[in-house]
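Position one of the sequence shown corresponds to residue 242 (the numbering used here), numbered consecutively onward. Glycine included, every Cβ here is placed at the ideal spot set by N, Cα and C.
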Amino acid sequence: MQSSLTGRERINRALRRQAVDRVAIDFGGSRVTGIAAIAYRNLLGKMGRPEDIRLYDIKQQLADPSLAMMDLLGGDVVQLQRLGPTTGMPFLKLDDWKAGQLTDGSPCLVPGGYENRILKDGTIEVLHEGSIAARRTPHSLYFDVCATPLAGAGCQGIHPL
Numbered sequence: 242m243q244s245s246l247t248g249r250e251r252i253n254r255a256l257r258r259q260a261v262d263r264v265a266i267d268f269g270g271s272r273v274t275g276i277a278a279i280a281y282r283n284l285l286g287k288m289g290r291p292e293d294i295r296l297y298d299i300k301q302q303l304a305d306p307s308l309a310m311m312d313l314l315g316g317d318v319v320q321l322q323r324l325g326p327t328t329g330m331p332f333l334k335l336d337d338w339k340a341g342q343l344t345d346g347s348p349c350l351v352p353g354g355y356e357n358r359i360l361k362d363g364t365i366e367v368l369h370e371g372s373i374a375a376r377r378t379p380h381s382l383y384f385d386v387c388a389t390p391l392a393g394a395g396c397q398g399i400h401p402l
């Protein structure tokens with residue numbers, strides 16, 4: 242069935258509480274409505290669509306769905322990503338990509354600045370300028386942010402607004 246509205250028109254009408262031709266579909270339009278990278282890989286496999294998976298959010302392990310997949314699934318929303326994510330690792334810029342691995346070991350692309358070390362017990366630590374920024378234990382799917390940027394700040398280091 243052909244939709245009579247574009248995604249933009251559908252969203253604008255819905256926000257104005259006007260009638261639309263169908264419910265708007267948000268497939269990865271924000272970090273809240275994102276898709277886990279492993280789930281995205283599984284979806285691609287079931288649909289027989291090979292493509293590189295860009296892991297744009299290391300902490301939450303979120304994939305950046307391709308425009309082709311969003312079109313195929315009828316998505317109406319696209320994410321306007323910031324150059325640096327806001328999820329506790331803003332140093333990972335999204336303008337350069339390199340080979341990496343998902344938490345299940347399958348291949349993906351990660352931000353070019355992503356640097357980690359794997360401990361003997363399988364824990365993965367994300368490093369930034371030699372310090373641990375985040376950590377993922379072997380049985381977890383997600384990273385916990387370890388950075389404490391205000392750890393050394395005293396009252397004199399905090400300025401009122």
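{"Query": "Assigned secondary structure, L313 (DSSP; H/G/I helix, E/B strand, else coil)", "Result": "helix"}
{"Query": "Top-ranked residue by Cα proximity to G341, from F332, A388 and E356", "Result": "E356"}
{"Query": "Unbroken beta strand (DSSP E) run spanning A375, endpoints", "Result": "S372 to R377"}
{"Query": "Same chain only: Cβ atoms within 7 Å of C387, ignoring 5 sequence neighbours per side", "Result": "I373, A374, A375 and R376"}
{"Query": "Cβ contact (3+ pairs, closer than 8 Å) linking the segment 265-279 and the segment 293-313", "Result": "yes"}
{"Query": "Three-state class that DSSP yields for I399 in the structure shown", "Result": "coil"}
{"Query": "Contact check, L382 vs Q302, beta carbons under 9 Å", "Result": "yes"}
{"Query": "Option in R258, G286 and Y297 with minimal Cα separation from Q322", "Result": "Y297"}
{"Query": "M288, buried or exposed, once every other Cβ within 10 Å from all chains shown has been counted against 16", "Result": "exposed"}
{"Query": "Candidates L324, M310 and G325, of which the one nearest V318 by Cα", "Result": "M310"}
{"Query": "K339 - DSSP class collapsed to helix/strand/coil", "Result": "strand"}
{"Query": "Sequence-distant residues of the same chain with beta carbon closer than 6 Å to P331, five excluded per side", "Result": "G325"}
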